[in-house]
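Encoded as structure tokens, the structure appears first; notes follow it.
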Amino acid sequence: MVKDGRTVLSSIVASQISVHAEYGGVVPEIASRKHLESVSFVVEQALAEAGVGLDRIEGLAVTQGPGLAGALLVGISIAKGLAFGRSLPLIGVNHIEGHLLAVFLEAPVQFPFIALAVSGGHSHLYRVDGIGRYQTLGQTVDDAAGEAFDKVAKLIGLPYPGGVAIDRLALTGDPQAIKFPRPLLHDGTFNFSFSGLKTAVLTHVGKHPEAKEEGINDLAASFQAAVCEVLTKKTAAAIAATGIKRLVVAGGVACNSALRRSMAEYAAANGVELSIPSPPLCADNAAMIAVPGDYYLGLGMKSGFDLDALPVWPLDKLAARLKEHC
Ligand code: KG4
Ligand code: ZN
């Protein structure tokens with residue numbers, strides 16, 4: 007629960023990680039069922055922890071997409087029920103927009119800024135001119151950064167979610183031990199590609215099976231270094247090309263300690279104002295959805311009861327929605 011779109015009164019996260027870990031990744035059908043099991047409890051807990059009754063709620067923001075349709079529909083259904091039952095305004099919010107604006111819950115950032123969204127489904131660079139005004143500068147052409155962490159972790163025998171496990175092992179590994187490729191680093195675009203890197207890890211462990219055993223810390227650190235270098239240098243190129251010296255890094259992969267360090271070093275050396283949310287606000291959470299939600303509801307924008315899940319919903323489309331309203 008969030009007050010004025012800026013102050014977190016409560017933030018309840020129902021993790022399904024232990025359930026999906028058994029399968030080595032998210033199983034869509036199980037995700038929807040688990041959402042259904044926990045959603046009422048999460049809403050009740052959010053109200054209880056904030057010490058606020060439903061009668062004090064002024065509006066509802068719900069994740070409309072992108073993501074798994076079944077899981078999205080669970081949230082949308084309960085939000086519609088509450089909106090109808092309490093005659094509250096409801097707004098559908100883009101999940102990635104929530105990630106990009108999560109940092110506003112800790113400190114405001116001036117527009118325009120460059121944003122790097124790195125999560126299980128996204129590796130995107132955006133120019134952000136205001137809430138609702140996003141332009142994609144580049145994106146992954148295959149796997150997202152988080153997906154690469156998870157897939158590499160799986161193939162070297164680490165548990166899901168792989169990013170956390172790789173980050174931990176890499177702390178005591180040598181990032182220069184293995185020279186993994188830096189895909190698309192010099193292609194002149196702001197796009198990323200991580201699937202070749204995953205293949206490079208597979209090839210390496212095929213030739214050097216010991217890399218998965220006593221060499222696993224070096225392997226983790228070397229893979230992580232390749233991902234972080236590409237993410238940092240491409241982001242630096244976007245900042246150089248646009249001349250916008252403000253940067254937000256967001257999404258679950260922004261929890262990565264090496265990425266946070268690499269971005270901080272780059273920013274300090276180049277006079278770039280860097281904002282990265284604290285780890286709980288980088289990972290998926292509901293509070294971040296309230297930031298754009300509060301803004302849009304404040305403008306008088308509302309979703310109707312025909313609000314439907316949007317499994318694919320590029321951020322660039324939001325500007326048209328905003329323009330239509332204003
Ligand atoms: O944003 P998020 O919580 O969910 C999505 O919207 O996808 O991101 C989840 C992703 C997973 O792929 C997970 O492995 C990755 O974020 N992740 C990390 C770390 N913590 C989470 N990746 C690298 N290092 C971490 N410390
Ligand atoms: Zn996310």
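What the sequence shown shows, in my numbering, is residues 7 to 332, in sequence order. The beta-carbon is built from N, C-alpha and C at its ideal position, and this holds for glycine as well. Source: prediction; values computed, not measured.
| Asked | Found |
| --- | --- |
| So, does the segment 164-182 touch the segment 226-240, judging by three or more C-beta pairs under 8 angstroms? | yes |
| How is Pro42 classed by DSSP in three states: helix, strand or coil? | For the sequence presented, residue 42 should be read as Leu rather than Pro. Leu42 falls in the helix class under three-state DSSP. |
| Mind reading off the beta-carbon distance from Arg287 to Leu111? Whole number of angstroms is fine, and I expect it under 8 angstroms. | Note that residue 287 is Leu in the sequence shown here, rather than Arg. Between Leu111 and Leu287 the Cβ distance is about 6 angstroms, and since that is below 8 angstroms, they are a contact. |
| Considering only C-alpha positions, which residue in the set Asp173, Gly91 and Leu324 is nearest to Gly98? | Leu324 |
| Could you check whether the segment 189-196 touches the segment 254-264, counting it as contact only if at least three pairs of C-beta atoms, one from each stretch, sit closer than 8 angstroms? | no |
| State yes or no: is the C-beta of Ile222 nearer than 8 angstroms to some heavy atom of ligand 1? | no |
| Nearest to Glu271 by CA position, among Arg12, Lys239, Ala20 and Leu78, is which residue? | Lys239 |
| Going by DSSP in three states, Thr209 sits in which element: helix, strand or coil? | helix |
| Three or more beta-carbon pairs under 8 angstroms between the segment 276-283 and the segment 144-164, yes or no? | no |
| Leu106 and Ala123 look like a contact to me (Cβ under 8 angstroms); what is the Cβ gap, rounded to whole Å? | 6 angstroms |
| Considering only residues of the segment 13-87, which uninterrupted beta strand (DSSP E) runs meet the minimum length of 3 residues and lie entirely inside it, listed in chain order? | 66-71 |
| Need the endpoints of the alpha helix (DSSP H) that Glu330 sits in, please. | Leu324 to His331 |
| If we count the other Cβ atoms within 10 Å of its Cβ and call it buried at 16 or more, is His331 buried or exposed? | exposed |
| Express the C-alpha separation of Ala242 and Gly277 in angstroms, rounding to a whole number. | 11 angstroms |
| Would you kindly report the start and end of the unbroken alpha helix (DSSP H) that includes Gln230? | Ile222 to Thr248 |
| Three or more C-beta pairs under 8 angstroms: does that hold for the segment 204-218 against the segment 62-75? | no |
| Can you find the residues in the same chain that come closer than 8 angstroms, C-beta to C-beta, to Pro317, ignoring five residues on each side of it along the sequence? | Gly71, Pro72, Gly73, Leu74, Ala75 and Leu78 |
| Val255 by DSSP, collapsed to three states: which one? | strand |
| Looking only at its chain, what residues have a beta carbon closer than 8 angstroms to the beta carbon of Val109, apart from the 5 residues adjacent to it on each side? | Val115, Val254, Ala256, Ser281, Ile282, Pro283 and Leu287 |
| My guess is that Ala56 and Ser16 are in contact by the Cβ rule of under 8 angstroms, so how many angstroms apart are they, rounded? | 4 angstroms |
| Using only the heavy atoms of ligand 2, determine whether one of them is closer than 8 angstroms to the beta carbon of His26. | no |
| What residues does ligand 2 have around it, judged by CB closer than 7 angstroms to any heavy atom, in chain order? | His101, His105, Ser125, Gly126, Gly257, Gly258 and Asp290 |
| Round the Cβ separation of Phe90 and Phe311 to the nearest angstrom and send it over; I've been treating them as touching at under 8 angstroms. | 7 angstroms |
| Rounded C-beta distance between His41 and Gly81? I'm assuming under 8 angstroms. | 7 angstroms |
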